[in-house]
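What follows is one structure encoded as structure tokens, with my remarks underneath.
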Amino acid sequence: MATVTGVSVADEVPGPPERSPLSADGAGTRRLGDRLFGGAAQGAGILVIALVTLVGLFLLWQAVPALARNEAGFLTSREWTVSGDHPRFGIVELLWTTVVSSLIAMAIAVPVGVAVALFITQYAPRWLAKPAANLVDLLAAVPSIIYGLWGLRTFGPKYEPVQTFLQDKLGAFPLLSKTSVSGSGTVMFIGIVLAIMVLPIVTALSREVFAQTPVAHKEGALALGATRWEMIRTAVLPFGRPGVISASMLALGRALGETIAVTIIVSTLADQTVWSWSLFNGGETFASRIANNAQEFDSPQKAGAFIAAGLVLFILTFIVNAVARIVIERRKAFSE
Amino acid sequence: MKIQRLGQLASVALVGSLALAACGSDNNNASGGGASSGSGGSSSSSGAGGSGAAECGSGTLNAEGSSAQKNAIEEAISTFQDECSGATVNYNPTGSGAGIKQFIAGQVDFAGSDSALKTVEKDGVVEADAAAKYCGSPAWNLPMVTGPIAIAFNVKGVDRLVLTPQVAAGIFSGKVTTWNDPSIAKINSGVSLPAEPIKVFFRSDESGTTENFTKYLKAAAPSAWTAEPGKKWTGKGEGKPKSDGVAGAVKSTEGGITYAEWSYAKDNSLGIAQIDNGAGPVELTGEAVGKAVSAAKADGQGHDLRLKLDYATKEAGAYPILLVTYEIVCSKSKDAGKAALTKAFLKHFASAETQKSLEDIGYAPLPDEVRTKVDAAIAALS
Amino acid sequence: MSAADTAARAPSAPSGGQSSSGRPAGGRPAEPPPALGHPARVREARDLLASVVMWAAFALALIPLVWILWTVVSKGYHLLSEGQWWTNSQKGITSRREGGGAVHAIQGTLVQGLTTALISVPIGVMTAIYLVEYGRGRLAKAVSFMVDILTGIPSIVAGLFVYAVWVTTFHFQRVGFAVCLSLVLLMIPVIVRSTEEMLKLVPNELREASYALGVPKWKTIFKIVLPTAFSGIVTGILLGLARVMGETAPLLILGPYSKSIATDLFSGYMATLPTMINQDRTESLQPAVDRVWAAALTLILLVLLLNVAGRLVARFGSVKK
Numbered sequence: 345m346a347t348v349t350g351v352s353v354a355d356e357v358p359g360p361p362e363r364s365p366l367s368a369d370g371a372g373t374r375r376l377g378d379r380l381f382g383g384a385a386q387g388a389g390i391l392v393i394a395l396v397t398l399v400g401l402f403l404l405w406q407a408v409p410a411l412a413r414n415e416a417g418f419l420t421s422r423e424w425t426v427s428g429d430h431p432r433f434g435i436v437e438l439l440w441t442t443v444v445s446s447l448i449a450m451a452i453a454v455p456v457g458v459a460v461a462l463f464i465t466q467y468a469p470r471w472l473a474k475p476a477a478n479l480v481d482l483l484a485a486v487p488s489i490i491y492g493l494w495g496l497r498t499f500g501p502k503y504e505p506v507q508t509f510l511q512d513k514l515g516a517f518p519l520l521s522k523t524s525v526s527g528s529g530t531v532m533f534i535g536i537v538l539a540i541m542v543l544p545i546v547t548a549l550s551r552e553v554f555a556q557t558p559v560a561h562k563e564g565a566l567a568l569g570a571t572r573w574e575m576i577r578t579a580v581l582p583f584g585r586p587g588v589i590s591a592s593m594l595a596l597g598r599a600l601g602e603t604i605a606v607t608i609i610v611s612t613l614a615d616q617t618v619w620s621w622s623l624f625n626g627g628e629t630f631a632s633r634i635a636n637n638a639q640e641f642d643s644p645q646k647a648g649a650f651i652a653a654g655l656v657l658f659i660l661t662f663i664v665n666a667v668a669r670i671v672i673e674r675r676k677a678f679s680e
Numbered sequence: 004m005k006i007q008r009l010g011q012l013a014s015v016a017l018v019g020s021l022a023l024a025a026c027g028s029d030n031n032n033a034s035g036g037g038a039s040s041g042s043g044g045s046s047s048s049s050g051a052g053g054s055g056a057a058e059c060g061s062g063t064l065n066a067e068g069s070s071a072q073k074n075a076i077e078e079a080i081s082t083f084q085d086e087c088s089g090a091t092v093n094y095n096p097t098g099s100g101a102g103i104k105q106f107i108a109g110q111v112d113f114a115g116s117d118s119a120l121k122t123v124e125k126d127g128v129v130e131a132d133a134a135a136k137y138c139g140s141p142a143w144n145l146p147m148v149t150g151p152i153a154i155a156f157n158v159k160g161v162d163r164l165v166l167t168p169q170v171a172a173g174i175f176s177g178k179v180t181t182w183n184d185p186s187i188a189k190i191n192s193g194v195s196l197p198a199e200p201i202k203v204f205f206r207s208d209e210s211g212t213t214e215n216f217t218k219y220l221k222a223a224a225p226s227a228w229t230a231e232p233g234k235k236w237t238g239k240g241e242g243k244p245k246s247d248g249v250a251g252a253v254k255s256t257e258g259g260i261t262y263a264e265w266s267y268a269k270d271n272s273l274g275i276a277q278i279d280n281g282a283g284p285v286e287l288t289g290e291a292v293g294k295a296v297s298a299a300k301a302d303g304q305g306h307d308l309r310l311k312l313d314y315a316t317k318e319a320g321a322y323p324i325l326l327v328t329y330e331i332v333c334s335k336s337k338d339a340g341k342a343a344l345t346k347a348f349l350k351h352f353a354s355a356e357t358q359k360s361l362e363d364i365g366y367a368p369l370p371d372e373v374r375t376k377v378d379a380a381i382a383a384l385s
Numbered sequence: 059m060s061a062a063d064t065a066a067r068a069p070s071a072p073s074g075g076q077s078s079s080g081r082p083a084g085g086r087p088a089e090p091p092p093a094l095g096h097p098a099r100v101r102e103a104r105d106l107l108a109s110v111v112m113w114a115a116f117a118l119a120l121i122p123l124v125w126i127l128w129t130v131v132s133k134g135y136h137l138l139s140e141g142q143w144w145t146n147s148q149k150g151i152t153s154r155r156e157g158g159g160a161v162h163a164i165q166g167t168l169v170q171g172l173t174t175a176l177i178s179v180p181i182g183v184m185t186a187i188y189l190v191e192y193g194r195g196r197l198a199k200a201v202s203f204m205v206d207i208l209t210g211i212p213s214i215v216a217g218l219f220v221y222a223v224w225v226t227t228f229h230f231q232r233v234g235f236a237v238c239l240s241l242v243l244l245m246i247p248v249i250v251r252s253t254e255e256m257l258k259l260v261p262n263e264l265r266e267a268s269y270a271l272g273v274p275k276w277k278t279i280f281k282i283v284l285p286t287a288f289s290g291i292v293t294g295i296l297l298g299l300a301r302v303m304g305e306t307a308p309l310l311i312l313g314p315y316s317k318s319i320a321t322d323l324f325s326g327y328m329a330t331l332p333t334m335i336n337q338d339r340t341e342s343l344q345p346a347v348d349r350v351w352a353a354a355l356t357l358i359l360l361v362l363l364l365n366v367a368g369r370l371v372a373r374f375g376s377v378k379k
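Chains as they are written, first to last, in our numbering: chain E, 345 to 680; chain S, 4 to 385; chain Z, 59 to 379.
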């Protein structure tokens, strides 16, 4: 099921050392069939490059005119006035909400997800492991709108007392202070829902990697007298670490870009609301602000401003993916 | 071998899904579900059937726009399709701005908007001109649905609340922050108001409802509401998407208050404030809305109509916070078939009978004087 | 990689470890790794603690996940048990009326999903073939990196992109096919990654043997490599399909909802299950609320069906060394 997440186990598993494609058939490449087929394969690859470049260029092309007219610092302003002759907009709040909610999601989903993956591969009795794995896999494929609806209507009301309790007891701490936002439309709650949403992804991927731990490593550790936990710590975890990291990066990318679930849950803030560091504040993520307003893109300038925000989101996910890539590459280098 | 077997499996799956795609029915008349619905509108269509059937037209109409008229147009579509079995009308309640945008882009056959096409430039676009350019003829605004905007609240122990425009503006602009504020208490003598904070909810999406509500505040309490009316909320509070979002939020929040179309306030069983524009508190009832709407005057040039509402009306018993949804159409359509269908549908929508049936679901029928003009405009469409 | 396989394989691996709890006293290793150099009781306690933590984490994770499924099933099942849910559309049904079905949305979801697959599969599989069988040097690295970026494109941005191209630039109507195009952007990377993985698992010996017999490379790929990896590739495709069928964000921009049956990808509006959910969720009336959960359950069932199909295909023959 790692396939759902789009990252291949082969990427993370150091398995057989990377081999270069067979090129023994020097004679073959001159044949017509080979040239056609090879060309088609290469063409598909180039198409993918073209697609991504197009998307990036398009975002830039739409965003630049609006950015040029922007009278506020795009990276520093909290304002968001995108129509009229004097547009002033900036992404600070969007960036804060997006990053913080995703980090909360990661802080919950990664440890729990890894633990569940370890449980399924190392601890669970056989009768439990398989259904549990299937359940987690199924949940990785449940559409996000369903997580959103469930969060809004079912989970939210149950969560509220917890939040009120935290605010009352720990409100002195700036991150947990009381804000004007009521109920479950807070950044914290979004983070929790996102955590539940990406948990199956982290679990599914980590599980695949842990399951690939060479039996020899594990038996070696056990033979040296290690307890099961020590075996996991010395054999399974080090082997699976790069896989877990890239699974987390992938989940992070998913959380950063999540649209519909966030849109229907979170409370947005009115203009000029007093800034608060509290996690119990509302806000909008890049994706939710675009989704909230996508229907009303009635002028190029307005659309451009939102697309500029989309561009930042694109770059953010780009960075996350690049980091994941570097981690994987480095691991490969070490394994040889 | 395996591949053959897999191929068979795949083809079975494909055939299965195609078979599913081939059957299925659009006919929901026989279902009988409508009988228990309690909405009077759906069964009343039989009377008009005779005259309507002659000018049905067939095909599909696509429309998009205001979510304020969603329930009204859904009802009209339902009865229209009962009469005209060959016709299908799709309406996507994505928002007024979206409707106009898609209309100008040639994506829909008509648009629903809570404000008429603007004739002044905004962000380099003059909506009326852009629409005329797409149509190749002037685009007309036809006022079709009027409905009240309710100020809905959820305060424990309070089921009757009176607000003046001044106080409402104070609440929604964040100047009045607790329920037992003297300004509220003064106009609500005898009501025990709690010392709780007021939690204002607004529409986080850009919305015609927001625009009409702020127009009211600006017109009726210009000193207390200073921001320009617009689709984007300029007051205080926390935002939720769409009318159901704000209504749902108020329902689950002690001390919440919001503005939403009447039906959303009713469906969520929220308290609805009485409005005192100066002639005593007016409860939101069909009658009070009808009174205010019937005072509305048709405006505009020729068949391009506007409905002029008097937000600051001091007439006794008239509920002043109203919203009008216009259907925006090309006066001369490029496609004769679509034109006939549009005409047939709008005629059905504007008919006295359909308009009357909307009363049950939180709207007010168009005043007869306006309706005649709309009828004439529809007849002039080609 | 079939999840079922790994899951089944996994627990059997550490079976030797089952007895670990009773181990420490007697056979202390001569040279324990530095981290293990604690007294036996501490190590045992830690082991026990770890077991407890794992079980607890599993239980904790299970709560919301089962809760979600339970919510959807309990609120949605009664509409699904009505015959007309599977035979009728929503045409003429208002949000205050009960009745009607979801057949229009199911058809739309299937049609759009299959079309998306039809476009993405050749591109995705060919790209994967390029990466595994042909790719060398900078271009391959670039393709691989671009696939990663494609994985990370937020779905709403994909929708915006296609809207700008399809509607703003070419002035086409918003039709089902435009939705498919945006979904293709989201599906390609999933297919590339899963196919790549399966192709890498095909033993090189097979290719070598084929070349030794004088079979051209393209024929080797077609007749030897692809068939060997076939079931894995199909699994990946079905799972990718499940992912795009539940996608909502691009449909907000590109896929207007219709209550009637429509299966023409190139004209008119087409309903899908996600847009049906999205439309009905804006109502607080009971009939609409019921339909939201029923449509959600239908969507989950479709996804589940695809998952099961994927499993079946995987079971027909997995790649073995």
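Ideal placement from N, C-alpha and C gives every residue a C-beta, glycine not left out.
Review point. Checking contacts by CB at 7 Å: is E/A516 closer than that to chain S?
Key: Residue 516 of chain E sits at position 172 when you count from the first residue of the first sequence. Not closer than 7 Å to any Cβ of chain S, the Cβ of E/A516 fails to qualify, so no.
Check your understanding: Based on Cα-Cα distance, which residue from S/S28, S/D29, S/G60, S/F113 lies nearest to S/L344?
Key -> Position 341 of the second sequence holds residue 344 of chain S. Residue S/G60 is the option with its Cα nearest to S/L344.
Practice item. Give me the Cβ distance between S/G240 and S/P200, rounded to the nearest whole Å; I'm assuming they're in contact under 8 Å. Key: For the purposes of this step, residue 240 of chain S is taken as residue 237 along the second sequence, with counting starting at 1. For the purposes of this step, residue 200 of chain S is taken as residue 197 along the second sequence, with counting starting at 1. So it is not a contact: roughly 11 Å between Cβ atoms.
Review point. Do you know how far the Cα of E/G648 is from the Cα of E/R432?
Key: In the first sequence, residue 432 of chain E corresponds to position 88, counting from 1. In the first sequence, residue 648 of chain E corresponds to position 304, counting from 1. Using only the alpha carbons, I get a separation of about 13 Å.
Review point. Short check: CB of S/S334 to CB of S/W143, under 7 Å?
Key: Locating residue 334 of chain S in the second sequence gives position 331, counting from the first residue. Locating residue 143 of chain S in the second sequence gives position 140, counting from the first residue. Closer than 7 Å, so yes.
Check your understanding: Can you tell me the Cα-Cα spacing of S/Q277 and Z/L208, whole angstroms?
Key -> Counting from one through the second sequence, the residue named residue 277 of chain S turns up at place 274. Counting from one through the third sequence, the residue named residue 208 of chain Z turns up at place 150. A direct Cα-Cα distance of roughly 54 Å separates S/Q277 from Z/L208.
Check your understanding: Out of Z/F219, Z/R251, Z/T253, which has the shortest C-alpha to C-alpha gap to Z/V237?
Key -> Locating residue 237 of chain Z in the third sequence gives position 179, counting from the first residue. Each of Z/F219, Z/R251, Z/T253 was checked against the Cα of Z/V237, and the nearest Cα belongs to Z/F219.
Exercise for review: Please confirm if E/A614 has its CB atom under 7 Å from at least one CB of chain S.
Suggested key: Position 270 of the first sequence holds residue 614 of chain E. So, interface residue.
Exercise for review: Under 7 Å Cβ to Cβ from S/A321, same chain only, skipping five residues before and after it: list those, please.
Suggested key: Residue numbering aside, residue 321 of chain S sits at position 318 when the second sequence is read from its first letter. Result list for S/A321: V285, A291, K294, A295, A298, in chain order.
Practice item. Pull up the distance between the alpha-carbon of E/F381 and that of Z/F203, whole angstroms please. Key: For the purposes of this step, residue 381 of chain E is taken as residue 37 along the first sequence, with counting starting at 1. For the purposes of this step, residue 203 of chain Z is taken as residue 145 along the third sequence, with counting starting at 1. Their Cα atoms are separated by approximately 22 Å.
Check your understanding: Regarding Z/D206 and the ligand SAM, is the C-beta to nearest heavy atom distance less than 6 Å?
Key -> You won't find the ligand SAM in this model; it holds no ligand whatsoever.
Review point. For S/G242, which residues from the same chain have a beta carbon less than 6 Å from its beta carbon, with the 5 sequence-adjacent residues on both sides left out?
Key: Translated into the one-based positions of the second sequence, residue 242 of chain S becomes position 239. Cβ neighbours of S/G242 beyond the five flanking positions: F205, S207.
Check your understanding: Along chain Z, in chain order, which residues have C-beta atoms closer than 7 Å to that of S/K245?
Key -> As a working note, residue 245 of chain S is residue 242 in the second sequence. By Cβ distance, chain Z contributes T340.
Review point. At which residues does the beta strand (DSSP E) containing S/Y329 begin and terminate?
Key: Counting from 1 along the second sequence, the entry for residue 329 of chain S is found at position 326. Per DSSP, S/Y329 belongs to the beta strand (DSSP E) from 325-333.
Exercise for review: With 7 Å as the threshold, decide whether the Cβ of Z/Y269 is near any Cβ in chain S.
Suggested key: As a first step, residue 269 of chain Z must be located in the third sequence, where it is residue number 211. Judged by the 7 Å Cβ criterion, Z/Y269 is not in contact with chain S.
Exercise for review: May I ask you to list the residues that DSSP assigns as paired with E/I604?
Suggested key: Mapped onto the first sequence, residue 604 of chain E falls at position 260. Per DSSP, none; premise fails for E/I604.
Practice item. Return helix, strand or coil for Z/A372, following the three-state DSSP convention. Key: Indexing the third sequence from 1 puts residue 372 of chain Z at position 314. Of the three classes helix, strand and coil, the one that applies to Z/A372 here is helix, per DSSP.
Practice item. Express the C-alpha separation of S/K245 and Z/Q165 in angstroms, rounding to a whole number. Key: Along the third sequence, one-based indexing puts residue 165 of chain Z at 107. Along the second sequence, one-based indexing puts residue 245 of chain S at 242. Cα to Cα, the separation comes out at about 28 Å.
Point to revise | Buried versus exposed, by CB contacts within 10 Å (16 or more), E/D355 | key: Within the first sequence, the letter at position 11 stands for residue 355 of chain E. At E/D355, the pLDDT of 46 sits below 50, so the modelled position is not reliable; the number obtained from the coordinates is stated separately. Counting the other Cβ atoms within 10 Å of the Cβ of E/D355 gives 16 or more, which makes it buried.
Check your understanding: Should Z/T152 and S/S266 be called a contact, given that it needs their Cβ atoms to be closer than 7 Å?
Key -> By 1-based counting over the third sequence, the position of residue 152 of chain Z is 94. By 1-based counting over the second sequence, the position of residue 266 of chain S is 263. The criterion of a C-beta distance shorter than 7 Å is not satisfied by Z/T152 and S/S266.
Check your understanding: What is the rounded straight-line gap between the Cα of Z/S60 and the Cα of Z/A372?
Key -> As a working note, residue 60 of chain Z is residue 2 in the third sequence. As a working note, residue 372 of chain Z is residue 314 in the third sequence. Any answer about Z/S60 is weak, because its pLDDT of 40 lies below 50 and its placement is not dependable; what the coordinates show is given next. Cα to Cα, Z/S60 sits roughly 7 Å from Z/A372.
**Study point:** Nearest-angstrom Cα separation, counted from E/Q616 out to E/I536
**Key:** By 1-based counting over the first sequence, the position of residue 536 of chain E is 192. By 1-based counting over the first sequence, the position of residue 616 of chain E is 272. Roughly 27 Å separates the two Cα atoms.
**Study point:** Cβ-based contacts, 8 Å cut-off: residues of the segment 149-183 of chain Z near chain S
**Key:** Along the segment 149-183 of chain Z, the positions whose C-beta sits under 8 Å from a C-beta of chain S are K149, G150, I151, T152, S153, R154, R155, E156, G157, G158, G159, V161, H162, I164, Q165, L168, V169, L172, read in chain order.
Review point. What does a CB cutoff of less than 6 Å around E/K646 pick up in its chain, not counting 5 residues either side in sequence?
Key: Working through the first sequence from its first residue, we reach residue 646 of chain E at position 302. Counting only residues of its own chain and dropping the five nearest sequence neighbours on each side, E/K646 has a CB closer than 6 Å to the CB of V426, S427.
Practice item. For Z/P314, decide whether its Cβ has a neighbour in chain E, counting only Cβ atoms nearer than 7 Å. Key: Residue 314 of chain Z sits at position 256 when you count from the first residue of the third sequence. So no, Z/P314 is outside the interface.
Exercise for review: Determine which residues of the segment 463-480 of chain E have a Cβ less than 7 Å from any Cβ of chain S, and write them out in chain order.
Suggested key: none
Exercise for review: Tell me, please, whether the segment 166-180 of chain Z touches the segment 236-256 of chain Z by the rule of three or more beta-carbon pairs shorter than 8 Å.
Suggested key: yes
Review point. Alpha carbon to alpha carbon, what distance is there between S/N271 and Z/T333?
Key: As a first step, residue 333 of chain Z is located in the third sequence; it is residue number 275 there, counting from the start. As a first step, residue 271 of chain S is located in the second sequence; it is residue number 268 there, counting from the start. Cα-Cα distance, rounded: 23 Å.
Point to revise | the segment 293-305 of chain Z / the segment 72-81 of chain S touching (three or more Cβ pairs under 8 Å) | key: no
**Study point:** Range covered by the beta strand (DSSP E) that runs through S/W143
**Key:** Position 140 of the second sequence, counting from 1, holds the residue named residue 143 of chain S. 142-157 is the extent of the beta strand (DSSP E) around S/W143.
Practice item. Compile a chain-ordered list of the residues in the segment 321-339 of chain S whose CB is closer than 8 Å to at least one CB of chain Z. Key: none
Check your understanding: Is S/E264 helix, strand or coil by DSSP?
Key -> By 1-based counting over the second sequence, the position of residue 264 of chain S is 261. Here S/E264 sits in strand by DSSP.
**Study point:** Residues that S/A252 contacts on chain E, provided the C-beta gap is smaller than 9 Å
**Key:** Position 249 of the second sequence, counting from 1, holds the residue named residue 252 of chain S. Those are S526, G527, G529, S611, listed as they occur along chain E.
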